[in-house]
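Accompanying notes for the structure given below.
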Amino acid sequence: MSVAVRFTPVAMLAAVLILLPAPVGTEGTNEAPEPVVREQESGARVEVVPTVELISGVLSRTSWAEEFGPHSGAGEYFSSLSGLFAAHDEHPAMHKAESLIDRGFRHDAFPNLAMRLRPDEELSVRHPYDRSLAARGGGVEELEGFRHALADLAKEADFFAFFADNRGRYESMVEEIAAELPAESLVRWMEEFYGWSGDAYITVLAPAMYPSGGYGGQVVTAGGDVLMLNVIRAADEAGPVRFPAGERLAGLALHEWGHSYVDPTLADFSSEVVELQSLFEPVESQMREQEYGNVFVFTNEQVLRAVCALAMRDLYGEAAYERDIASNEQRGFYLTAHLAQFIEKEYRGNRDRYETFSDFAPDLLHELSQVDPDEFSTRRWPITPGAVRPLFLGAVVLIAAIWWLVVGLRRRRQQIREMDEDDEIYWE
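Add 873 to the 1-based position in the sequence shown for this note's numbering, that's all there is to it.
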């Protein structure tokens, strides 16, 4: 028996729609998302960037997580991001990321790379790799191999759908930090102090990177624009994602954006900086524990921390300045107060002679070359973070022993007297 099928215009249209591929942007597709952005004043903005989150997810499955991952218990966001890639541990992107880590491509390098890539299906290069980044990664070919592997992994794990699903979470983050961060006053202070401007001041939130703190750096676009980066990591806590706030958030931005001023300035005087090795040697072990492993990094950090101390005084008062000085000197940057005073007097007091901080750099480095580190021995903190725990435990044992000798024996003698009076002495 045959059945007659009648094709009405409506039925024919429905059949065509069924056969067509699903439109891009529906749930489960891999449509490339845009960053979540909140504009601020003075060319500043706060972002959550898909490529940063993609690389964060990859790092969560590598040895990076053992050193920099959450040690106080992973929060729900980190767990969900890491879990997205759990079935892809053998993907080439994971192996290439591990290889880069072994090569020393760490800390600010991965966010810096992420900010150069477009969040499209191919992760195409938006801003060119600079020589420093390429050298750290073993060459452009190595970075390109990682980029292609990342693009393949993003499709395989459906990462862009994950980012879209979490967009509301990201929007809450950028709203909170944009409201908290006084970008306009910070940018105005830096531009007036250093004497030149960046083209954009970008705060990038990295909710799956730890511990609380930041990374700095800059990206120069193909058109020559300079993007100042302030990448903020999350607190190492098991609960909801939490970023620095208040005075600490402002100080972090001044420091990370400040790298885009100080590092290029001192890079032009590498021969003078290498002569400062004697200033680095007294705190070398302490610096290496903080991943500041050579005189160039130490000098950049030391100069920048002195500048930021002045900024904190201008913006938050004398108490903030003193706290900043004490904190930095405790971490081994023993010249912070000396340099802050020198910069205040010689640079800020003579801006008619120094149009920019770069103009002042030769005199600043000359001053450093005249410093005798032995004169600052009372300011240095020779106890490194790695030595704190055994010293603390030793102090506890010593205090317990003294307590027993002084208090315990006195109490025991009193107990013996009391029992003697009651004729109830029991020896164990």
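Every residue, glycine too, gets a C-beta built ideally from N, C-alpha and C.
For residue i, the first and last residue of its enclosing alpha helix (DSSP H)
i, result
"ILE928", "923 to 932"
"GLY1119", "1119 to 1140"
"GLY1076", "For the record, residue 1076 in the displayed sequence is Thr; it is not Gly. Run containing THR1076: none in the alpha helix (DSSP H); it sits in the beta strand (DSSP E), 1073 to 1079."
"VAL910", "Taken as a continuous stretch (DSSP letters only), VAL910 belongs to no alpha helix (DSSP H), being part of the beta strand (DSSP E) at 909 to 912."
"ASN985", "982 to 987"
"VAL1146", "1143 to 1147"
"GLY956", "949 to 957"
"LEU1152", "1150 to 1153"
"GLU1162", "1157 to 1162"
"ALA938", "936 to 941"
Boundaries (first-last residue) of the beta strand (DSSP E) holding residue i
i, result
"TYR1207", "First-last for TYR1207: undefined, no H or E at that position."
"TYR1002", "Note, TYR1002: premise wrong, no beta strand (DSSP E); not H, not E."
"ARG979", "No beta strand (DSSP E) contains ARG979, which DSSP labels as neither H nor E."
"LEU996", "Per DSSP, LEU996 belongs to no beta strand (DSSP E) and is neither H nor E."
"ARG991", "Careful: ARG991 lies outside any beta strand (DSSP E) and carries neither H nor E."
"ARG1115", "Neither: ARG1115 is in no beta strand (DSSP E) and is coded neither H nor E."
"GLY1090", "1086 to 1093"
"VAL1099", "1099 to 1106"
Under 9 Å between C-beta atoms of residue i and residue j
i, j, result
"ARG934", "ASP962", "yes"
"SER1151", "PHE1035", "no"
"ALA1107", "GLY942", "no"
"VAL921", "TYR1043", "yes"
"ARG911", "ALA1073", "no"
"GLY1068", "TYR1227", "yes"
"GLN1091", "SER1143", "no"
"PHE828", "ARG1221", "Because the chain is modelled from 874 through 1301, residue 828 falls outside the range shown and cannot be assessed."
"LEU1078", "PHE1033", "no"
"ALA1234", "THR1138", "yes"
"LEU1054", "ILE1075", "no"
"THR924", "ARG1009", "no"
"GLU995", "ALA1024", "yes"
"ALA1081", "GLU926", "yes"
"PRO984", "VAL1146", "no"
"ALA1051", "ALA966", "no"
"ALA1236", "GLU1219", "The question names Ala, but residue 1236 in the sequence shown is Asp. The answer is yes: Cβ separation under 9 Å."
"VAL1060", "GLY1166", "no"
"HIS1000", "LEU1100", "yes"
Rounded Cβ spacing between residue i and residue j (contact assumed at less than 8 Å)
i, j, result
"VAL1168", "PHE1153", "4 Å"
"ALA1037", "PRO906", "5 Å"
"ALA841", "GLN1243", "Outside the modelled stretch of the chain, which goes from 874 to 1301, sits residue 841, for which no answer is possible."
"GLU971", "SER997", "Wrong, their Cβ atoms sit about 24 Å apart, outside the cutoff."
"ILE1198", "ALA1184", "Incorrect: roughly 12 Å between the Cβ atoms, too far for contact."
"GLU957", "ALA982", "Per the sequence shown, the amino acid found at residue 957 is Leu instead of Glu. That belief does not hold up - the Cβ atoms of LEU957 and ALA982 are roughly 23 Å apart, past 8 Å."
Check your understanding: When the Cβ atoms of the stretch 1177 to 1193 are set against those of the stretch 1205 to 1213, are three or more pairs found closer than 8 Å?
Key -> yes
Review point. Using 8 Å as the threshold, is the stretch 1027 to 1034 in touch with the stretch 1124 to 1136, meaning 3 or more CB pairs across them?
Key: no
Point to revise | Sequence ranges, beta strand (DSSP E) only - wholly within the stretch 1164 to 1247, length at least 3 | key: none
Review point. Given 8 Å as the limit, is there contact between the stretch 973 to 991 and the stretch 1006 to 1024, that is, 3 or more CB pairs closer than that?
Key: yes
Review point. Whole alpha helix (DSSP H) runs in the stretch 1019 to 1082 with 4 or more residues, listed along the chain?
Key: 1032 to 1038, 1040 to 1053, 1056 to 1067
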